[in-house]
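Written out below as structure tokens is the structure these notes cover.
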Amino acid sequence: MKQVLIIIPAYNEASNLPTVFADLQQFAPDYDPLVIDDGSTDDTVAIAKQLGTKVVKLPYNLGIGGAVQTGLRFAERQQYAVAVQFDGDGQHRADQLAALLAPIVNGAADVVIGSRFLQVPAYTIPLSRRCGIAIFRWVNSLILGQQITDNTSGFRAYNRAALTFLAEEYPQDYPEPETVILLARNGFRIVEIPALMRERSGGQSSITLLRSLYYMCKVLLAIGVRATARRRERERHEPAHPDYLYSR
Amino acid sequence: MNQRIQIISILGSLAVMAFVFIMIRRGKLREEYALIWFVAGLMLIGVSLWRDSIDLVARLAGIYYAPSVLLLGVIVLGFILAMHFSIALSRLADQNKSLAQEVALLRYALDAAEHQPTADLPAVESQ
Numbered sequence: 068m069k070q071v072l073i074i075i076p077a078y079n080e081a082s083n084l085p086t087v088f089a090d091l092q093q094f095a096p097d098y099d100p101l102v103i104d105d106g107s108t109d110d111t112v113a114i115a116k117q118l119g120t121k122v123v124k125l126p127y128n129l130g131i132g133g134a135v136q137t138g139l140r141f142a143e144r145q146q147y148a149v150a151v152q153f154d155g156d157g158q159h160r161a162d163q164l165a166a167l168l169a170p171i172v173n174g175a176a177d178v179v180i181g182s183r184f185l186q187v188p189a190y191t192i193p194l195s196r197r198c199g200i201a202i203f204r205w206v207n208s209l210i211l212g213q214q215i216t217d218n219t220s221g222f223r224a225y226n227r228a229a230l231t232f233l234a235e236e237y238p239q240d241y242p243e244p245e246t247v248i249l250l251a252r253n254g255f256r257i258v259e260i261p262a263l264m265r266e267r268s269g270g271q272s273s274i275t276l277l278r279s280l281y282y283m284c285k286v287l288l289a290i291g292v293r294a295t296a297r298r299r300e301r302e303r304h305e306p307a308h309p310d311y312l313y314s315r
Numbered sequence: 013m014n015q016r017i018q019i020i021s022i023l024g025s026l027a028v029m030a031f032v033f034i035m036i037r038r039g040k041l042r043e044e045y046a047l048i049w050f051v052a053g054l055m056l057i058g059v060s061l062w063r064d065s066i067d068l069v070a071r072l073a074g075i076y077y078a079p080s081v082l083l084l085g086v087i088v089l090g091f092i093l094a095m096h097f098s099i100a101l102s103r104l105a106d107q108n109k110s111l112a113q114e115v116a117l118l119r120y121a122l123d124a125a126e127h128q129p130t131a132d133l134p135a136v137e138s139q
């Protein structure tokens with residue numbers, strides 16, 4: 068079984084990819100990066116190939132959920148023990164990967180979420196987004212009885228059982244909060260760790276107010292549906308103990 | 013006097029059903045989607061032939077103004093059709109997503125195979 072796959076969903080990230088890869092090269096050279104090109108119209112694919120990484124090119128834009136799921140399917144079929152979700156926009160930091168993987172390595176968790184709100188000082192995030200994050204925190208905690216502070220964080224690691232499960236079914240656009248419910252409801256152990264992230268370097272967080280309201284409603288509906296859904300039948304996987312991750 | 017509207021509505025219903033039938037024959041409409049239209053056509057014919065059925069339903073349902081039963085029926089039918097299409101669309105979107113992912117993964121495997129014909133090939137077997 069191979070080890071860690073770093074899934075990097077990228078939609079028009081040609082300008083950010085070199086930085087992301089320099090970062091990965093420096094702090095996580097042993098892991099396999101995989102760029103999922105989500106129908107980019109810029110040079111994302113060419114740049115990624117130049118950087119010498121594996122690239123899976125979707126024929127057209129599926130949105131973040133479809134792109135990440137493609138990576139999970141790849142990880143599942145290519146027998147990876149762990150899959151990490153790592154944004155292509157430079158927001159996530161490779162030097163945080165060891166901490167993110169640790170709970171999976173000691174078998175304490177199936178899913179690890181890197182949270183921006185567990186360290187001091189917490190991140191400065193615009194009020195509107197902060198409201199959304201607070202609502203998800205409240206709703207998800209209420210449903211799960213477990214406090215997840217950063218439901219919208221896309222900095223996550225999955226062990227073999229979790230990645231196999233999600234390869235089969237992964238929520239679509241704006242999938243993070245919903246995935247938390249889906250996983251928890253199906254008995255996966257979720258652990259949060261404090262993670263440092265960078266402020267968005269390039270571009271603005273393009274989400275307008277109306278759009279974020281729409282997403283809010285959509286995701287809350289999806290969470291509600293998930294919360295009442297039955298558990299999915301799933302095969303029992305051997306608990307993954309990839310101790311060798313650190314021994315390299 | 014009212015015979016005329018009855019004939020017109022029967023002819024109309026038959027025309028709808030004939031149209032659906034022709035569309036299926038030409039391969040432009042799949043049977044699964046045509047079924048609901050057939051049912052609609054049959055109901056129309058039924059109502060045209062047995063006009064008292066409207067009054068009967070109105071009486072049973074306690075609807076004061078009988079013709080509104082017809083209106084209600086049309087609205088319900090429209091709702092069912094719209095729902096039917098939403099479900100069909102959702103399924104198509106799902107299948108479309110899976111297909112795109114499969115194409116992407118296969119293309120990756122193909123590229124890998126072309127570039128290193130002797131090395132161990134990535135496994136692409138599906139579940």
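Chains as they are written, first to last, in my numbering: chain F, 68 to 315; chain Z, 13 to 139. Even glycine gets a Cβ: it sits at the ideal position worked out from N, Cα and C.
Can you give me the Cβ contacts of Z/Met13 inside the same chain, cut-off strictly under 7 Å, excluding the 5 residues immediately before and after it? Note that Z/Met13 has pLDDT 46, beneath the 50 cutoff, so the model's placement of it is unreliable and no number is given.
Would you mind telling me which residues of chain Z sit closer than 7 Å to F/Arg140, beta carbon to beta carbon, in chain order? Gln113 and Leu117
I need the DSSP call for Z/Leu101, collapsed to helix, strand or coil. helix
Quick test of your reading: Z/Val69 and Z/Val88, contact by CB under 8 Å. State the CB separation rounded to the nearest angstrom. Z/Val69 to Z/Val88, Cβ: 12 Å. No contact.
Measuring straight from C-alpha to C-alpha, what distance separates F/Lys121 and F/Glu243? 24 Å
Between the C-alpha atoms of F/Ala134 and F/Ala113, what's the straight-line distance to the nearest angstrom? Taking the straight line from one Cα to the other gives about 18 Å.
Would you mind telling me which residues of chain F sit closer than 8 Å to Z/Tyr77, beta carbon to beta carbon, in chain order? Under the 8 Å cutoff, chain F gives no residues; its nearest Cβ is about 37 Å from Z/Tyr77.
Leaving out the 5 sequence neighbours to the left and right, which residues in its chain are closer than 8 Å to F/Asp110 when beta-carbon positions are compared? The answer, listed in chain order, is Ala81.
Status (buried if at least 16 other CB within 10 Å, exposed otherwise) for F/Gln93: exposed
Return the chain-ordered list of same chain residues with a C-beta closer than 8 Å to the C-beta of Z/Leu23, the five sequence neighbours on each side being excluded. none
What residue from F/Pro170, F/Thr246, F/Leu280 and F/Ile248 has the CA that sits closest to F/Val258's CA? F/Pro170
Could you tell me the distance, in whole angstroms, from the CA atom of F/Val87 to the CA atom of F/Gly155? 7 Å
Which chain F residues are close to Z/Tyr45, counting only those with a beta carbon under 7 Å from its beta carbon? In chain order: nothing, as chain F lies at least about 24 Å away.
Please determine if the segment 244-257 of chain F and the segment 20-37 of chain Z are in contact, where contact requires at least 3 C-beta pairs separated by less than 8 Å. no
Proximal chain Z residues relative to F/Tyr127, where beta-carbon distance stays under 9 Å: Ala112
Cβ pair count under 8 Å reaching 3, the segment 136-151 of chain F against the segment 223-236 of chain F: Yes, the segment 136-151 of chain F is in contact with the segment 223-236 of chain F.
Since F/Val135 meets chain Z, which of its residues come closer than 7 Å, beta carbon to beta carbon? Within chain Z, no residue comes near F/Val135; the closest Cβ sits about 11 Å away, beyond 7 Å.
Leaving out five residues before and five after F/Ser314 in sequence, what residues of the same chain have Cβ atoms less than 6 Å from its Cβ? With a pLDDT of only 39 at F/Ser314, under 50, the local geometry of the prediction cannot be trusted, and the value read off the model is given with reservation. Hits under 6 Å: none found.
Between which two residues does the beta strand (DSSP E) carrying F/Ser182 extend? That run of the beta strand (DSSP E) goes Val178 to Ser182.
DSSP three-state label for F/Leu9, please. The structure shown does not extend to residue 9 of chain F, since chain F spans only 68 to 315, so no value can be given for it.
Which value, in whole angstroms, describes the spacing of the CA atoms of F/Asp310 and F/Gln158? Note on F/Asp310: pLDDT 49, under 50, position unreliable in the model; the coordinate value appears next. Approximately 28 Å between the Cα atoms of the pair.
Which residues in chain F have a C-beta closer than 7 Å to the C-beta of Z/Lys109? List them in chain order. Here the neighbours are Leu129 and Gly133.
Determine the direct distance from the alpha carbon of Z/Leu101 to that of Z/Gly39, and round the result to whole angstroms. Whole-angstrom Cα-Cα distance: 19 Å.
For F/Ala161 and F/Thr275, what's the separation of their Cα atoms in angstroms? 29 Å
Below 8 Å CB to CB, which residues in the same chain sit around Z/Glu43 once its five sequence neighbours on both sides are set aside? The answer, listed in chain order, is Ile36.
Tell me, please, whether the CB atom of F/Val151 is closer than 7 Å to any CB atom in chain Z? no
Determine the chain Z residues that contact F/Lys124 at a beta-carbon separation under 8 Å, and present them in chain order. Ala116, Arg119 and Tyr120
Do F/Ile248 and F/Ile290 have their C-beta atoms closer together than 7 Å? Against a cut-off of 7 Å, the Cβ pair of F/Ile290 and F/Ile248 comes out as a contact.
With H, G and I counted as helix, E and B as strand and the rest as coil, what does DSSP make of F/Glu58? Lying before the first or after the last residue shown, residue 58 of chain F is absent from chain F, which here runs from 68 to 315.
What did DSSP end up calling F/Ala294 once you bin it into helix, strand or coil? The answer is helix: DSSP assigns F/Ala294 an H, G or I state.
When DSSP labels each residue in this structure, what does F/Lys116 get in the three-state scheme? helix
Candidates F/Ala150, F/Ala201, F/Pro85 and F/Leu125: closest to F/Ile74 by CA position: F/Ala150
Quick check on Z/Pro79: buried or exposed, where buried means 16 or more other Cβ atoms within 10 Å of its Cβ? exposed
With a CB to CB cut of under 8 Å and the five nearest residues on each side skipped, what residues in its chain are close to F/Phe255? Asp177, Val178, Ala228, Ala229 and Phe232
Through-space distance from F/Glu236 to F/Leu209, alpha-carbon basis: 24 Å
For F/Pro96, count neighbouring Cβ atoms within 10 angstroms of its own Cβ and tell me buried if that reaches 16, exposed if not. exposed
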